[in-house]
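Line by line, the protein sequences give chains L and B. The end of the first sequence is residue 275 by my numbering, with every number in the run present. The end of the second sequence is residue 1374 by my numbering, with every number in the run present. Virtual Cβ for every residue (Gly too), placed ideally from N, Cα, C. One structure is given below, encoded as structure tokens.
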Amino acid sequence: MVVSKQVHPLDKYVRVDRLPHLWCPGCGIGIVMSAMLRAIGRRIGEGVFKEEDIVVVGGIGCTARMPLYLNFDTVHAIHGRAVPFAVGVKLANPKLKVIVVGGDGDIAGIGGNHLMHAARRNMDITVIMVNNMVYAMTGGQLAPTTPTGLYTTTTPRGNPEKPINVVKLVASLGANYVARASVTHPALIETYVYRALGKEGFTFVEVLSTCPEVFGRHIGIKDAVQLFMELREKVKVKAKPSLNESYYDWESGFVIGEYVDKDDPGYLRMFGLLR
Amino acid sequence: MRAEYVTSNIAIAEGAMASGLKFFAGYPITPTSDILEYLAEELPKRGGVVIQLEDEIASINAVIGASWAGAKAMTATSSPGYSLMVEALSFAIITETPLVVVYVMRAGPSTGVPTRSCQYDVFQVRYGSHGNYELPVLVPWSAQEAFDLTVKAFNVSEMLRVPTVILSDAMLAHTWEKVIIRNPSELKIISRRKPEVPPQEYMPFKPGEDLVPPMACFGDGYKVMVESLTHDERGYYSPTTEVQERMIRRLVEKVRRNSRLIIDYETYFTSSAEYIFFAYGSTARSVYALVKELRREGIRAGLYRPKALWPFDEGGLKKIASEAKRVFVVENNVGLMYKEVAQVLRDKEVISVGIIDLDVPSPDRIKEVISEWL
């Protein structure tokens, strides 16, 4: 019997020698990673950028581990600082295609200030924020994105805070592209990342994700499929939602779609770095 | 080559441009802001990029990113700003990222007196980051030396793949002096070594004989992994004692074994000196004046002035001080480097002359303190 080795079509973009990955069973990050790689592959195929010009930067957290598995120039930087690292890379060598991947804590919590200013500058990088609504790697503490009322290990009586609506924040600062996706709709993740990678200026994709092991277990939904179905029920797809529909609330659910899509000059053009 | 009348801040900016600076990120802070302003004006004319970022944390992280994108990169700050940078500095150390930080000391703690001088941060600059590491720190005493040591800082940083600090202070920052500004062609400019093997054979953290790994940058086709976790030669996370020990020892040893490239000092009237003064940076200017005065009075005084504060030059100091009866450590703090000197010169009488002065301690003030020991 001949056993042929199965090769995944995305293996060429993966450091397969580093598998298996560290993500828990039922984690949504793998869905985001493969959707992102499909989008990258399409853009490479179109000649928008070359494989060797891709730089993927992560900070610290579950999502920020993604660069360890990617077969590009990759960075596992420090907590919250993936965006300024990426800014330095892009400005020093504008031909590079710079992508930041990170969780909600990394990007919107500790790194929130950098996110704001990169968006305000319309800096020519793409940020993909996987939002699992919790600090998962450290065991389930409160995130700035944890919906009000939910249990975390540091809000044992329920989260008294209002969560940050990152889509609205980034849109308010003038970024060229702002979309919200969900791991329950992988094809849309691919579409939005694909769009983001083809644009000038600051492009941002939030991906709502499921973390059954930490987030789910703490709110009483520890079954991965059940949590996935729960999120799917809460997600409504709209082609071009208005920012008023970007409300961010566990009870009323989430609208995913492309919130901002415009073509203002990016930072490099404003600075005179594009010829 | 041209002679200009400039401050140390401007001399540093010129030294950086002569060294091939291509990226500068910074955040305004007294007494350093004019480095950012000067470079914002000048560097783009030479094909470089300058950006004012949202804080010091962003600045140093962007500089690390720019270095990995292939640029010679620098940031400049003062004492509170360096406090914000030390986490990322540790990241630069473990990822062996060449970059230069300009550190202009101002009087603390906290906001202190932002416009005035001190030498309080000689330990913070060296030990402020977490982890176990070596960090070269160069300490100029004049605008000319600020230019010269900036060129050296880039060379050290590029050669050893280690962040390198230029430690200045508020007095030097804004003192105008004549400086010979040399063109790149008149200087020895060193750039990071590139890999000589093809990508499939390249390991980003496999060192050469000098313990320094050749550096492939983003876009070179080598698919490097820049890893803040403890990593092996491939850049892969390896949480074992074996890899941890190998990495830490190499990060430390690559600087120690190559310390001759960093360490430098000047001496004044030290042969046959009965009293040796140890002083650095702006304070050494007053000590120099005092030593000359003492010599005129017939007292056999001499000055040893390190140009690199870290790594600490044990050998040079021991040699110079071997015949001395007493050693005075004069500094604008309560006596910090004194501890280092006393430890090296265990068999000598070492006296701490720590003076707190928002200007450079005057020769008279120093003389008043030491006269009972002469």
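- Query: If the cut is a Cβ gap below 7 angstroms, which residues of chain B does Glu52(L) touch?
  - Reply: Mapped onto the first sequence, residue 52(L) falls at position 52. The contacting residues are Gly1219, Gly1221.
- Any C-beta of chain L under 8 angstroms from that of Tyr1236(B): Here residue 1236(B) refers to the residue found at position 236 when the second sequence is read from its first residue. Answer yes: the Cβ-Cβ gap between Tyr1236(B) and chain L drops below 8 angstroms somewhere.
- Message: For a contact defined as C-beta to C-beta under 8 angstroms, what are the partners of Phe1023(B) on chain L?
- Response: Walking along the second sequence from the start, residue 1023(B) turns up at place 23. Residues of chain L passing the Cβ test: Gly88, Leu91, Ala92.
- Query: When DSSP builds the beta bridges, which residues end up paired with Pro1306(B)?
  - Reply: Looking up residue 1306(B) in the second sequence gives position 306. The partner list for Pro1306(B) (beta bridge, DSSP) reads Tyr1265(B).
- Message: Distance cutoff 8 angstroms, beta carbons only. Does Leu1043(B) sit that close to anything in chain L?
- Response: Your numbering for residue 1043(B) matches position 43 in the second sequence. Cβ-Cβ to chain L under 8 angstroms: no for Leu1043(B).
- beta strand (DSSP E) runs wholly inside the segment 173 to 249 of chain L, at least 3 long, in chain order: 177 to 182, 203 to 208, 235 to 237
- Message: Checking the sheet assignment: what are the DSSP bridge partners for Ile1166(B)?
- Response: As a working mapping, residue 1166(B) is identified with position 166 in the second sequence. In the DSSP output, where bridge partners are listed per residue, Ile1166(B) has Val1102(B), Leu1138(B).
- Message: Beta carbons nearer than 7 angstroms to chain B: which residues of the segment 230 to 264 of chain L have them?
- Response: none
- Is it true that the segment 1018 to 1026 of chain B meets the segment 1070 to 1085 of chain B, where meeting means three or more beta-carbon pairs spaced less than 8 angstroms apart? yes
- Item | Own chain, CB closer than 8 angstroms to Thr1115(B), minus 5 neighbours either side, in chain order | Here residue 1115(B) is taken as the residue at index 115 of the second sequence, counted from 1. Correct list, in chain order: Thr1030, Pro1031, Arg1106, Ala1170.
- Query: Can you tell me the Cα-Cα spacing of Gly61(L) and Pro1109(B), whole angstroms?
  - Reply: Numbered from its first residue, the first sequence carries residue 61(L) at position 61. Numbered from its first residue, the second sequence carries residue 1109(B) at position 109. Cα-Cα distance, rounded: 34 angstroms.
- Give the residues of chain B in contact with Asn71(L), contact being defined as C-beta atoms less than 9 angstroms apart. As a working note, residue 71(L) is residue 71 in the first sequence. Going along chain B in sequence order, the residues near Asn71(L) (Cβ under 9 angstroms) are Lys1223.
- Query: Hey, is Pro1009(B)'s beta-carbon within less than 8 angstroms of any beta-carbon in chain L?
  - Reply: The count along the second sequence starts at 1 and reaches residue 1009(B) at position 9. Going by the sequence as given, residue 1009(B) is Asn instead of Pro. False, the Cβ-Cβ gap to chain L never drops below 8 angstroms.
- Counted within 10 angstroms of its Cβ, other Cβ atoms place Ala239(L) as buried (16 or more) or exposed: For this step, residue 239(L) is matched to residue 239 along the first sequence. Burial call: exposed.
- If I'm right that Pro144(L) touches Ala171(L) with Cβ under 8 angstroms, what's the distance once you round it to whole angstroms? Within the first sequence, the letter at position 144 stands for residue 144(L). Within the first sequence, the letter at position 171 stands for residue 171(L). Actually they are not in contact, since the Cβ atoms of Pro144(L) and Ala171(L) sit about 17 angstroms apart, beyond 8 angstroms.
- Would you kindly report the start and end of the unbroken beta strand (DSSP E) that includes Thr1077(B)? Translated into positions along the second sequence, residue 1077(B) becomes position 77. Counting along the chain, the beta strand (DSSP E) containing Thr1077(B) begins and ends at 1072 to 1078.
- Message: Within the continuous beta strand (DSSP E) that includes Ile103(L), where are the two ends?
- Response: On the first sequence, residue 103(L) is found 103 positions in, with the first residue counted as 1. Contrary to the premise, residue 103(L) reads as Gly rather than Ile in this sequence. Unbroken beta strand (DSSP E) run through Gly103(L): 97 to 103.
- Message: Any beta carbon from chain B within less than 8 angstroms of Phe49(L)'s own beta carbon?
- Response: Counting from 1 along the first sequence, the entry for residue 49(L) is found at position 49. Chain B, which has no Cβ nearer than 8 angstroms to the Cβ of Phe49(L), makes this no.
- Task: Could you please tell me which residues of the segment 1048 to 1061 of chain B, in chain order, have their CB closer than 8 angstroms to any CB of chain L?
- Result: Val1049, Ile1051, Leu1053, Glu1054, Asp1055, Ile1057, Ala1058, Ser1059, Asn1061
- Query: Does the beta carbon of Glu35(L) sit closer than 8 angstroms to a beta carbon anywhere in chain B?
  - Reply: Numbered from its first residue, the first sequence carries residue 35(L) at position 35. Here residue 35(L) is Ala; the residue named in the question, Glu, does not match the sequence. No, because no Cβ of chain B sits closer than 8 angstroms to the Cβ of Ala35(L).
- Task: With 7 angstroms as the limit, tell me which residues of the segment 1337 to 1358 of chain B have their beta carbon closer than that to any beta carbon of chain L; keep them in chain order.
- Result: none
- Item | Backbone CA spacing between Ser34(L) and Glu213(L) [nearest angstrom] | Counting from 1 along the first sequence, the entry for residue 34(L) is found at position 34. Counting from 1 along the first sequence, the entry for residue 213(L) is found at position 213. Whole-angstrom Cα-Cα distance: 21 angstroms.
- Message: Going by DSSP in three states, Met137(L) sits in which element: helix, strand or coil?
- Response: Position 137 of the first sequence, counting from 1, holds the residue named residue 137(L). Coil, per DSSP.
- Using a Cβ cut-off of 8 angstroms, pull out every chain C residue sitting near Ala108(L), in sequence order please. Chain labels in this structure do not include chain C; the protein chains are L and B.
- Closer than 9 angstroms by beta-carbon distance: list the chain B residues that pair up with Lys95(L), in chain order. For this step, residue 95(L) is matched to residue 95 along the first sequence. Chain B residues near Lys95(L): Gly1219.
- Message: Is the beta carbon of Asp106(L) closer than 8 angstroms to that of His76(L)?
- Response: If you number the first sequence from 1, residue 76(L) lands on position 76. If you number the first sequence from 1, residue 106(L) lands on position 106. For His76(L) and Asp106(L), no; Cβs fall outside 8 angstroms.
- Item | For Tyr1082(B), the three-state DSSP class (helix, strand or coil) | On the second sequence, residue 1082(B) is found 82 positions in, with the first residue counted as 1. Note: Tyr1082(B) maps to helix in three-state DSSP.
- Task: State the start and end residues of the unbroken beta strand (DSSP E) segment that holds Ala1058(B).
- Result: As a first step, residue 1058(B) must be located in the second sequence, where it is residue number 58. Where Ala1058(B) is concerned, there is no enclosing beta strand (DSSP E), although the alpha helix (DSSP H) it sits in stretches over 1056 to 1068.
- Out of Cys27(L), Ala86(L), Lys97(L), which has the shortest C-alpha to C-alpha gap to Leu115(L)? If you number the first sequence from 1, residue 115(L) lands on position 115. If we check each option's Cα against that of Leu115(L), Ala86(L) comes out closest.
- Are Val130(L) and Gly111(L) closer than 8 angstroms when you measure CB to CB? The residue you call residue 130(L) lines up with position 130 of the first sequence. The residue you call residue 111(L) lines up with position 111 of the first sequence. Their beta carbons are not under 8 angstroms apart, which means Val130(L) does not touch Gly111(L) by this criterion.
- Message: Would Leu1251(B) pass as an interface residue toward chain L - the criterion being a Cβ-Cβ separation below 8 angstroms?
- Response: As a working mapping, residue 1251(B) is identified with position 251 in the second sequence. Chain L contact via Cβ: absent.
- Within chain B, partners of Ile78(L) - CB distance below 7 angstroms: Numbered from 1 along the first sequence, position 78 holds the residue referred to as residue 78(L). Simply Glu1087, Ala1088, Phe1091, Ser1228.
- Task: Assuming Val353(L) contacts Met36(L) (C-beta within less than 8 angstroms), just tell me the rounded distance between them.
- Result: Since the first residue shown for chain L is 1 and the last is 275, residue 353(L) is missing from the structure and cannot be characterised.
- Taking Cβ-Cβ distances shorter than 9 angstroms, what residues in chain B pair up with Asn113(L)? For the purposes of this step, residue 113(L) is identified with residue 113 of the first sequence, where counting begins at 1. The contacting residues are Glu1054, Asp1055, Ile1057, Ala1058.
- Item | Selection of the segment 174 to 196 of chain L by Cβ proximity to chain B, strictly under 9 angstroms | none
- Message: Taking beta-carbon pairs under 7 angstroms, can you tell me which members of the segment 1107 to 1136 of chain B lie near chain L?
- Response: none
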